[in-house]
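Below: the structure, in structure tokens.
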Amino acid sequence: MKWMKAVLPPVVFGVVAIALWELIVTAGRIAPFILPAPSAIWEQFLEQRQNIWEAALASGANALIGLVGGTVVGVLAAMVSSRFRPLADVSIPFAAVLNALPIIALAPILNNMFESTSSIPRRLVAGIIVFFPVFINTLRGLREVDPIHQELMHTYAASGWTFAVKVRLPGSLPHVFTGLRQASSLAVIAAVVAEYFGGLQNGLGSRITSAAAFTAYPRAWAFVVGACLLGLVFYLTTLLLERLAMPWRTRLIA
Amino acid sequence: MKKLLYVLLGLAVVAALWEGYKLVGNPEGTVLFGVRVLPRADDLSMPHLWTVVERLGRPELTGGRPVWIVVVQACLFTLGITAAGFVIGAFVGLLLAVAMQRFRIVERGLLPYVILSQTVPLVALAPLVAGWNVLWPDWMTVSLIAAYLAFFPVAVGMLRGLQSPASAGVELMRSYAAGWWRTLVKLRFPASLPYLFPALRLAGAAAVVGAVVGEISTGTRGGIGRLIIEYSREATSDPAKVYTAMLGAALLGLVVAGLVSLLEFPLMRHRRHVEVVTL
Amino acid sequence: MSAVEVSGVTKVFNQGRTDEVVALSDVDLSVGQGEFVSLIGPSGCGKSTLLRLIADLIAPSTGTVTVAGKTAGAARKEQAYGIAFQQAGLFEWRTVLKNVELPLELRGMSRAERKDKASEMLALVGLEEFAGHYPAQLSGGMQQRVAIARALAVQPPLLLMDEPFGALDEMTRERLQSELLAICATTGTSTVFVTHSISEAVFLSNRVVVMSARPGRITASIPISLESRDEAARQSPAYFESVTSVRQALRGAPLKSAS
Numbered sequence: 007m008k009w010m011k012a013v014l015p016p017v018v019f020g021v022v023a024i025a026l027w028e029l030i031v032t033a034g035r036i037a038p039f040i041l042p043a044p045s046a047i048w049e050q051f052l053e054q055r056q057n058i059w060e061a062a063l064a065s066g067a068n069a070l071i072g073l074v075g076g077t078v079v080g081v082l083a084a085m086v087s088s089r090f091r092p093l094a095d096v097s098i099p100f101a102a103v104l105n106a107l108p109i110i111a112l113a114p115i116l117n118n119m120f121e122s123t124s125s126i127p128r129r130l131v132a133g134i135i136v137f138f139p140v141f142i143n144t145l146r147g148l149r150e151v152d153p154i155h156q157e158l159m160h161t162y163a164a165s166g167w168t169f170a171v172k173v174r175l176p177g178s179l180p181h182v183f184t185g186l187r188q189a190s191s192l193a194v195i196a197a198v199v200a201e202y203f204g205g206l207q208n209g210l211g212s213r214i215t216s217a218a219a220f221t222a223y224p225r226a227w228a229f230v231v232g233a234c235l236l237g238l239v240f241y242l243t244t245l246l247l248e249r250l251a252m253p254w255r256t257r258l259i260a
Numbered sequence: 031m032k033k034l035l036y037v038l039l040g041l042a043v044v045a046a047l048w049e050g051y052k053l054v055g056n057p058e059g060t061v062l063f064g065v066r067v068l069p070r071a072d073d074l075s076m077p078h079l080w081t082v083v084e085r086l087g088r089p090e091l092t093g094g095r096p097v098w099i100v101v102v103q104a105c106l107f108t109l110g111i112t113a114a115g116f117v118i119g120a121f122v123g124l125l126l127a128v129a130m131q132r133f134r135i136v137e138r139g140l141l142p143y144v145i146l147s148q149t150v151p152l153v154a155l156a157p158l159v160a161g162w163n164v165l166w167p168d169w170m171t172v173s174l175i176a177a178y179l180a181f182f183p184v185a186v187g188m189l190r191g192l193q194s195p196a197s198a199g200v201e202l203m204r205s206y207a208a209g210w211w212r213t214l215v216k217l218r219f220p221a222s223l224p225y226l227f228p229a230l231r232l233a234g235a236a237a238v239v240g241a242v243v244g245e246i247s248t249g250t251r252g253g254i255g256r257l258i259i260e261y262s263r264e265a266t267s268d269p270a271k272v273y274t275a276m277l278g279a280a281l282l283g284l285v286v287a288g289l290v291s292l293l294e295f296p297l298m299r300h301r302r303h304v305e306v307v308t309l
Numbered sequence: 004m005s006a007v008e009v010s011g012v013t014k015v016f017n018q019g020r021t022d023e024v025v026a027l028s029d030v031d032l033s034v035g036q037g038e039f040v041s042l043i044g045p046s047g048c049g050k051s052t053l054l055r056l057i058a059d060l061i062a063p064s065t066g067t068v069t070v071a072g073k074t075a076g077a078a079r080k081e082q083a084y085g086i087a088f089q090q091a092g093l094f095e096w097r098t099v100l101k102n103v104e105l106p107l108e109l110r111g112m113s114r115a116e117r118k119d120k121a122s123e124m125l126a127l128v129g130l131e132e133f134a135g136h137y138p139a140q141l142s143g144g145m146q147q148r149v150a151i152a153r154a155l156a157v158q159p160p161l162l163l164m165d166e167p168f169g170a171l172d173e174m175t176r177e178r179l180q181s182e183l184l185a186i187c188a189t190t191g192t193s194t195v196f197v198t199h200s201i202s203e204a205v206f207l208s209n210r211v212v213v214m215s216a217r218p219g220r221i222t223a224s225i226p227i228s229l230e231s232r233d234e235a236a237r238q239s240p241a242y243f244e245s246v247t248s249v250r251q252a253l254r255g256a257p258l259k260s261a262s
């Protein structure tokens with residue numbers, strides 16, 4: 007019953023929204039370049055599923071490599087910064103400022119610095135974009151330690167290393183995953199959108215622009231649906247990892 | 031003040047790294063197993079910082095206006111688009127948050143989609159709404175993209191804020207026989223401010239990204255996004271030019287972040303600050 | 004040899020600054036083997052500071068603190084005491100059993116050994132069936148019991164407790180008081196117990212040490228002799244007499260700020 011209550015409203019809302027969309031487009035005779043009908047998009051999605059799959063694999067690989075690289079560097083940088091107070095004091099405002107900038111615009115520059123046939127620039131952009139939320143959140147987590155835990159470990163005469171491994175790291179996990187949740191969807195967005203800025207054209211982004219250039223709008227929308235599915239896969243995988251990494255957060259009273 | 035100093039210090043470190051890499055890096059880049067893993071360090075790919083600064087002062091094309099004027103004008107154009115998008119997005123986000131707070135059923139039905147819409151690259155739609163220029167000018171389409179990116183943090187952050195008052199506060203208002211509207215104005219709105227402002231900062235940054243990406247994919251002329259693409263095409267003959275446009279984009283991001291922070295200054299002086307996690 | 008020996012201890016915070024606070028002024032305290040001593044007094048009287056000095060969480064400005072014949076620092080490094088705070092302070096990412104195992108783990112005890120030991124301690128506080136649960140799944144009283152089991156895990160000769168039942172409701176609190184007494188009786192542990200509840204101090208202690216604020220100092224030391232420490236004791240005349248004398252001792256040391 008409770009389950010129904012949580013699932014039913016979004017499902018009903020989704021079905022009604024799609025039905026309305028279909029109705030408005032067909033009844034209002036809206037041109038496909040303004041808004042194609044869901045049925046037309048679905049048709050194209052089935053027809054193009056092989057192409058969508060291949061493009062999604064290319065974009066997915068870019069996003070994944072960027073995500074993993076950015077996360078590793080972000081976590082390591084946060085760990086180093088948390089050990090040296092002045093470094094953290096400097097890097098937090100600096101990272102916060104950089105994070106407010108449109109980093110995606112780095113894409114064309116990176117294309118020049120490497121070559122336009124390389125996948126590195128797109129992965130680098132994704133990595134840089136991923137870095138900031140991971141770094142900022144992890145550092146916040148590492149710096150926030152329950153004072154009671156600190157005193158307790160002091161009474162156990164625990165060394166700095168023991169304290170870091172047994173208290174700081176596990177305590178920062180919720181923050182790390184907060185950053186990772188944001189980063190996982192940002193990585194996909196960056197990998198797809200970076201192609202709008204030029205460079206190698208084998209991912210979802212270029213398929214969307216080329217379909218739009220040929221005025222094949224339902225097909226372009228079908229690729230967007232593919233991009234959405236890719237983003238969803240990344241987000242849900244991160245949620246799953248979070249559940250696995252922090253079992254203490256899920257179990258309810260037995 | 032101290033923070034500003036830290037930011038400048040960070041910038042100096044980045045500049046030193048840039049010039050340092052140019053000194054020691056291979057001009058052709060480092061190639062490992064047939065993949066170039068480190069960028070080229072030659073002047074074409076990574077111009078000296080002073081070349082970029084100097085380029086700002088010289089004319090865009092021979093006999094044209096200096097680059098910095100062009101860049102600043104493009105920034106102002108994009109700032110206008112961003113502002114329009116930000117205002118629309120924030121307004122829609124606020125309305126949605128109030129509606130979701132008022133009606134549980136709306137929250138249940140809508141919130142999953144609001145969150146979902148952020149996990150998927152819907153900004154990829156930008157090239158597809160280019161066709162809307164038969165309905166209205168291009169810049170309005172770009173504003174809509176910016177608004178779409180801006181509404182989400184506001185909707186979620188504001189909802190958290192509206193729901194933040196303890197039940198004791200709500201019951202107190204009830205004991206005063208205050209209705210929903212009065213409770214909203216007297217209790218929920220003031221309580222939501224610490225949540226609203228961080229959300230607005232996120233929304234500002236998102237609106238900038240939306241405006242830049244939107245300009246590029248709709249081919250809107252006159253803005254900084256378009257300028258980046260135009261200048262990057264000249265990179266082989268005039269490598270410093272694209273960096274001037276990049277500086278402009280960074281400036282735009284800073285200005286928007288600063289303006290949004292100004293909003294909160296008078297209202298948040300005596301309030302506690304909270305962390306807002308929107309995703 | 005007494006379990007704790009505090010002599011001539013003064014603690015000044017922010018020494019030499021404008022916000023200088025004399026938290027403790029020339030305090031002497033001696034806790035015998037197996038003795039249960041409560042520290043009671045108004046807030047700001049330095050009772051928690053005194054406990055922290057014994058635990059070597061802070062250092063005295065002057066004077067010496069000796070725990071079981073050693074300096075407080077040496078005693079801490081040997082884990083010669085167990086400690087519990089008002090907040091249970093459990094590690095939310097560790098199961099109940101793993102929480103109790105933590106001090107043993109840091110002593111380098113083998114996996115099997117510490118599991119046995121921790122299970123034994125959980126049985127002592129009546130939580131053996133919750134060993135696999137996470138702290139978030141337990142009530143406040145159960146969490147505090149886990150914290151006590153953790154404090155006892157290394158079988159320390161001394162137990163330090165800083166208002167451990169302060170955040171609990173009255174019924175849970177009384178049940179835990181009885182449990183704590185039973186545990187101390189079986190293990191023979193000496194205890195220093197900080198509280199602001201007169202009835203709690205009287206019911207638990209062999210001796211109640213009354214403190215006053217500004218500067219923090221000991222104003223009275225009242226021995227308590229109850230015939231038994233069960234529910235009947237809470238109704239006995241001796242209990243009420245002791246409650247009255249502690250209350251009078253607290254009144255006899257009026258706060259300067261209260262005037």
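Protein chains in written order, with the numbering used here: chain A, 7 to 260; chain B, 31 to 309; chain C, 4 to 262.
We put the beta carbon where it would ideally sit given N, CA and C, even for glycine.
By the CB criterion at 8 Å, Ala84 (chain A) and Leu145 (chain A) fall inside the cutoff. Under DSSP, Pro96 (chain B) takes part in a beta bridge, and its partners are B:Pro89. Non-local C-beta neighbours of Thr184 (chain A) in its own chain, meaning closer than 6 Å and more than five positions away in sequence, comprise Asn143, ordered along the chain. For the pair Ala87 (chain C) and Ile186 (chain C), the CB atoms are not nearer than the 8 Å cut-off.
Residue nearest to Thr98 (chain C) within the set C:Gly11, C:Ile227, C:Tyr137 is C:Tyr137 (criterion: CA-CA distance). Contact annotation: in the segment 246-260 of chain B, residues whose CB is within less than 9 Å of a CB in chain A are Ile246, Ser247, Ile254, Gly255, Ile258, Ile259. Contact annotation for Arg79 (chain C) against chain A: His160, Thr161, Tyr162, Ala163 [CB-CB distance below 9 Å, chain order]. By the beta-carbon neighbour count (other beta carbons within 10 angstroms, threshold 16), Thr198 (chain C) is buried. For Gly219 (chain C) against Thr52 (chain C), the beta-carbon gap comes to about 7 Å, under 8 Å, which counts as contact. Bounds of any beta strand (DSSP E) do not take in Arg231 (chain B); it lies within the alpha helix (DSSP H) bounded by 219-248. The shortest CA-to-CA distance from Leu26 (chain A) to any of A:Ala12, A:Leu14, A:Met10, A:Ser45 is the one to A:Ser45. Taking all protein chains shown into account, Glu23 (chain C) has fewer than 16 neighbouring C-beta atoms within 10 Å of its C-beta and is therefore exposed.
At least one CB of chain A lies nearer than 8 Å to the CB of Gly92 (chain C).
Contact residues of the segment 261-279 of chain B toward chain A are Tyr261, Ser262, Arg263, Ala265, Thr266, Pro269, Val272, Tyr273, Ala275, Met276, Ala279 (C-beta to C-beta distance below 9 Å).
As the crow flies, the alpha-carbon of Ala241 (chain C) is around 30 Å from that of Met4 (chain C). Excluding five sequence positions before and after Phe107 (chain B), the CB atoms of its chain that fall closer than 7 Å to its own CB belong to Gly252, Gly253, given in chain order. Within its own chain, the residues whose Cβ lies closer than 8 Å to the Cβ of Thr13 (chain C), once the five positions on either side in sequence are excluded, are Val25, Leu27, Ser28, Asp29, Val30, Pro63, Ser64, Thr65, Gly66, listed in chain order. Taking 3 residues as the shortest admissible run, the segment 179-243 of chain C contains the following complete beta strand (DSSP E) segments, listed from N- to C-terminal end: 193-198, 210-215, 220-226.
Tyr261 (chain B) has its alpha-carbon roughly 6 Å from the corresponding atom of Lys271 (chain B). The CB of Asp152 (chain A) never comes closer than 7 Å to any CB in chain B; the least such distance is about 16 Å. With a cut-off of 8 Å on Cβ pairs, the segment 130-139 of chain A is not in contact with the segment 90-99 of chain A, counting fewer than three such pairs.
For Met203 (chain B), the enclosing alpha helix (DSSP H) has its first and last residue at 197-205.
The alpha-carbon separation between Gly205 (chain A) and Pro15 (chain A) amounts to approximately 43 Å.
Counting along the chain, Glu8 (chain C) sits inside no alpha helix (DSSP H); it lies in the beta strand (DSSP E) bounded by residues 7-16. Separation of Ala126 (chain C) and Ala134 (chain C) (C-alpha to C-alpha, rounded to the nearest whole angstrom) is 10 Å. For Glu60 (chain A), the closest Cβ of chain C is not nearer than 8 Å.
Residue-level contact check: Trp254 (chain A) does not touch chain B, since none of the beta carbons of chain B fall below 8 Å from its beta carbon. With a minimum length of 4 residues, the unbroken runs of alpha helix (DSSP H) contained wholly in the segment 157-231 of chain A fall at 166-169, 175-199, 210-219.
Taking the C-beta atoms as reference points, Leu54 (chain C) is found nearer than 8 Å to Val195 (chain C). Against chain B, the CB of Ala226 (chain A) has a partner CB under 8 Å away; the residue lies at that interface. Against chain C, a Cβ distance below 9 Å from Glu157 (chain A) picks out Arg55, Ala58, Leu60, Ile86, Phe88, Gly92. Contact check for Leu236 (chain A) and Ser65 (chain A): beta-carbon distance about 6 Å, within the 8 Å limit, so the pair qualifies.
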